[in-house]
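In full-length UniProt numbering, the protein residues as written are 1 to 161.
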């Protein structure tokens with residue numbers, strides 16, 4: 001199968017990326033099986049997998065709520081992964097329906113991407129630690145002390161009427 005493959009003569013193949021969250025209730029050893037099922041769905045629709053990233057356990061920015069078996073399940077964390085693939089747009093709805101039926105997926109999103117798009121890393125911002133400074137090595141010298149009368153005299157000289 002080539003990357004220029006056309007499944008339907010009227011609809012050319014396009015490049016998509018699916019980002020997905022696997023339920024944290026799935027044991028870590030079984031996550032590979034879930035990923036295998038997702039790839040099998042894609043391959044069944046003659047998709048050509050370009051690249052992927054195996055899911056990694058992550059704390060989510062907010063708790064997701066998904067209705068499951070008549071009650072709402074809350075997910076504060078999940079396994080996040082993605083797959084970049086090329087397939088005809090005519091079978092995209094079938095892929096989406098198959099992913100929706102998978103109860104071990106908390107959420108997924110399929111987006112159209114450029115074929116040559118690269119993953120750009122986030123800019124790294126390093127926190128500068130506070131700089132510890134030692135006391136000055138030389139004494140600053142004697143600070144002149146002024147009496148209250150000298151201060152009043154200096155103020156009167158500065159204030160010009």
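For every residue, glycine included, the Cβ atom is placed at its ideal position computed from N, Cα and C.
Which residue from the options puts its Cα closest to that of residue i?
i	options	result
residue 30	105, 93, 42, 51	105
residue 114	50, 23, 37	50
residue 85	158, 14, 157	14
residue 43	144, 150, 95, 152	95
Quick one: using the 10 Å Cβ neighbour count with 16 as the cut-off for buried, is residue i buried or exposed?
i	result
residue 57	exposed
residue 74	exposed
residue 109	exposed
residue 67	exposed
residue 158	exposed
residue 47	buried
residue 87	buried
In chain order, what residues of the same chain lie with their CB nearer than 8 Å to the CB of residue i, ignoring the 5 residues before and after it?
i	result
residue 82	17, 18, 19, 20, 52, 53
residue 26	34, 79, 104
Please return the same chain residues whose Cβ sits closer than 7 Å to the Cβ of residue i, not counting the five positions on each side in sequence.
i	result
residue 98	41
Suppose contacts are defined by Cβ-Cβ distances below 9 Å. Is residue i in contact with residue j by that definition?
i	j	result
residue 76	residue 63	yes
With a threshold of 6 Å on Cβ separation, who are the neighbours of residue i within its own chain once the five nearest residues in sequence on each side are excluded?
i	result
residue 72	65
At what residue ranges does the segment 77-118 contain a whole run of the alpha helix (DSSP H), taking only runs of 4 or more?
92-101
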